[in-house]
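Chains as they are written, first to last, in the working numbering: chain A, 699 to 1503; chain B, 1112 to 1321. Glycine is no exception: its CB is placed at the ideal position from the N, C-alpha and C atoms. Note sheet for the following structure.
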Ligand code: SF4
């Protein structure tokens, strides 16, 4: 069977009847049954644990206003997909603080609290300065080992596992906070050096549903517009996007649109800060978004609020879609979504009659076992309105991670080769194998996704794992299952800068580099490729991640193709490897990035006729008359006929709907002060102080029913597990829904409760909807150290202990 | 160097998203590193996500200075009201109690009243204050009247506040909707305004339906 996550490549002329992907697959991937091995979370590490987490605060020179920095380095924030420009103050080998980078056009100096305090991750007492191996008797469970010996051990274990069980028995998991150079190198490492099919990345929990929908409808996976197109949109629609807390800088763009007369529609089960003053707020039930989109589309059709000329000229599939949404009457839509009928009518009219608009969505609709269907529902509203590919007519997902866009382009996904090429495509294999100097037949075929990799561990199909830039124990759903699989691995190596909760289950930990210790590019959520600049050298025996990977290759005796001396050399090869692909970087250089404040891809080195050109890049996709390597001039979209596809998204209730035993919907998400699995931000004191430990949000009506008061200890249970935490009673959440932020580990981890059902196309897990119950906590459930800060304060690093070899 | 008279601080609490960037950035300013002079408050967390950033309004006739028995609080010619001067401040708390905006805070460890000084180290060099530099929502903004008029066509500025019988004019401007008739903000009156119904429930059920 063809890989369902592959980009659609319709062969020959496509018509509505034969187009294979217009009604995408909808059966969710089954999740592990109750009887698989699980391991309960241990208590938090004691304050004496050498690896922390400890909370760092500014001390010493960082508080001394008399200290003049040696230099100010223009770079970007190490956290979210906004990739704010920031100038770091550096003295000797210390990052002292920051200055706003007023000239960088996206954020003009603006930063959220995470960016402001990110400098505290540098020089942190928990920073890994050596390689470590597991030793139950050593403090923290790990003992220092010489870096060179650690590399040898990693190589010999890889070799042993691969020669005993086959190449695919060793898996690689990477992350979307790595630069594109590193992410490219990780793909090359897995596919060429290890020849394993099993490499995937943590964008599997983040951007893949958007990617799946974008590929099916547009033929390419990129946010379509620069953010300046928000500024004069008549209507901004954001579904499942907690903009204020997860993409804070976008707030200013949205408010600016409203200053210019724009209207704001927010769809979310929680009234997040961006929703407070929205012109229309639609509190959708978790997991019902596609029903809403289908209902709105039916209204648009009924009132003829659609762009017939655009549909005729630039799309296929509309008539069948119109029939498909016919059953979605206002009444049915209101009933399924739980949103008042008159609000749905009003939203349809606002969206339907606008002349310009910007549609945004993020994890709220994407973190679903029907995430791709939800995304397609949103895209259909955009295509039916004809408002794309023009100024102030936009569409984009909002990416979560720093390189959330870039890491989905150059081969660290399970089915991908550089330039957004497909691993299963013979032509792509030939081209990339040519760049790498290998036989295309030696390239593996697409492998398992990030969650499936752990299911394969349970089945002994995967025996070894290399993990970098990913903390699955906190960020994957149903994480007691993940913990058991980590312990099952014959060999597990982690590259990280802190001892993450996942790293604690490794046999060997290699000390990698922090963001400020290396250079390279990332693609922001506008798909603007920007440059991260190095401020300081990695401390101790820590090394830049690409050097560690190359050291492993050398120790394996497979160093051919892994002898880069700098990120720039890797980037130059990436440019060639991406050339001719959809994400074509061939025309991008470090110098062009600096001169233009970033370059939007695709950026071509050659014209369609093969002449060298100086291309500025592509801020706005799908403009009429634009050229792309698939349509070759036939039209603006990335299909052979140049036309976008109206797919027919199907509605299904959440995989685990509520019932009498579990009557509430649990949804999870983020708070502004923490980032993803918290490996970095749970070590930064001023950020922890803002929101020290998770609370569960519930509506006063529900709280009254259950006899729960604000601040009381409650226990939330699902079919996977239970956790006890304090209640936060707020009327900004639906009374049938509860919410827990997920950034914490062990017994504070919301992902003890979540469900690992996955979208059949994108394989994203259903973080945003599972059945739960909530009750007052029993006295024995209330944690002993309940009111202690979740993370002890960091003291300056003690003198290194003498070697214990 | 004084702060240029054309440069102003504009505050639009309607834009605030409660992100705390201002609070965190304030502690990075070079005159009081490690200590934030910024306050961010929820109005009523249980009922609404609304938050309000509180900065010194830099009053034309500052109440804090008027009630200071030690003459420790200075307003410079450029309209900036400064933190109490260390040798003079007797930590009597008069200013803390008297300021109608609730800005000055007593630093008990230092026995000194500390408050926002408009990032004097930055603004006197023509730079934006830290909080107004980083604010992701534009709730805090620093620049000229012309710039803000161009940027915010639906808003206008206000610098007159009534607290019962007391009227105060400030260097800091607050943004209000353009179509608002009054030329002042009646702060005490807004405290008496009744609270609305539950907007969540309103959006979920049609009247008459279950
Ligand atoms: S976390 Fe995101 S919004 Fe905050 S400063 Fe960093 S890039 Fe900007």
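Listed in chain order, the non-local C-beta contacts of residue 1159/A below 8 Å within the same chain comprise 866 and 867, local neighbours out to five positions each way being set aside.
Take the alpha-carbon of residue 1138/A and the one of residue 1270/A: they are about 21 Å apart. In the DSSP secondary-structure assignment, residue 1472/A is bridged to 1414/A. Looking at the DSSP output, residue 925/A shares a beta bridge with no other residue.
If you look at residue 1132/A, you'll find it in the alpha helix (DSSP H) that goes 1124–1134. At least one beta carbon of chain A lies nearer than 8 Å to the beta carbon of residue 1139/B.
Proximity of chain B to residue 979/A at the Cβ level (cut-off 8 Å) is accounted for by 1310 and 1314, in chain order. For residue 1022/A, there is no enclosing beta strand (DSSP E); the enclosing alpha helix (DSSP H) covers residues 1016–1023.
If you check the C-beta of residue 812/A against the ligand SF4, you find a heavy atom less than 7 Å away. For residue 1127/B, the shortest C-beta to heavy atom distance toward the ligand SF4 is 7 Å or greater.
Residues 951, 954, 955, 958 and 1090 of the same chain have their beta carbon placed closer than 8 Å to that of residue 929/A, with the five preceding and five following residues left out of the count. By the beta-carbon neighbour count (other beta carbons within 10 angstroms, threshold 16), residue 1123/B is buried.
Listed along the chain, the chain B residues whose CB falls inside 9 Å of the CB of residue 969/A are 1159, 1160, 1310, 1311 and 1314. For residue 1265/B, the nearest beta carbon of chain A is closer than 8 Å to its own beta carbon.
Counting only runs of 4+ residues, the alpha helix (DSSP H) found wholly inside the segment 1174–1245 of chain A occupies 1177–1186, in chain order. Note on geometry: alpha-carbon atoms of residue 1167/B and residue 1118/B lie some 16 Å from one another. Judged by the Cβ position, residue 1237/A fails to qualify as a neighbour of the ligand SF4 at the 7 Å threshold, every heavy atom of the ligand being at least this far. Among the residues of chain B, those whose CB is under 8 Å from the CB of residue 1397/A are 1311, following chain order. Neighbours of residue 1248/B in chain A, taken as residues whose beta carbon is under 8 Å from its own, are 942, 946, 949, 950 and 953 in chain order. Interface criterion not met: the Cβ of residue 1236/B is under 8 Å from no Cβ in chain A. With a threshold of 8 Å between beta carbons, residue 858/A makes no contact with chain B. Contact with chain A is absent for residue 1213/B, since none of that chain's Cβ atoms lies less than 8 Å from the residue's Cβ.
Residue-level contact by beta carbon fails for residue 1407/A and chain B, as no gap is shorter than 8 Å. Considering only 1414/A, 1062/A, 1442/A and 1347/A, the residue with the shortest C-alpha distance to residue 966/A is 1062/A. Interface residue (Cβ-Cβ distance to chain A less than 8 Å): residue 1287/B is not classified as such.
Residue 1167/A is not a Cβ neighbour of residue 891/A, given a cutoff of 8 Å.
Shown here for residue 1084/A: same chain residues with a beta carbon closer than 6 Å to its own, the five before and five after excluded, namely 1005 and 1008 in chain order. Residues of chain A whose Cβ lies closer than 9 Å to the Cβ of residue 1262/B are, in chain order, 954 and 957.
Under the three-state reduction of DSSP, residue 1294/A is assigned to helix.
For residue 926/A, the closest C-alpha among the options 1377/A, 1044/A, 1302/A and 1226/A is that of 1226/A.
For the 8 Å CB-CB criterion, residue 720/A and residue 1018/A form a contact. 8 Å or more divides the Cβ of residue 972/A from the Cβ of residue 1049/A.
Within a 10 Å sphere around the beta-carbon of residue 1135/A sit fewer than 16 other beta-carbons, which makes this residue exposed.
Only 1145 and 1156 from the segment 1145–1156 of chain B bring a Cβ to less than 7 Å from some Cβ of chain A. Neighbourhood of residue 1269/B in chain A, by CB distance below 8 Å: empty, with the nearest CB roughly 16 Å away.
Contacts with chain B (Cβ-Cβ distance below 7 Å) from the segment 804–834 of chain A involve 807, 808, 809, 810, 811, 814 and 815, listed in chain order.
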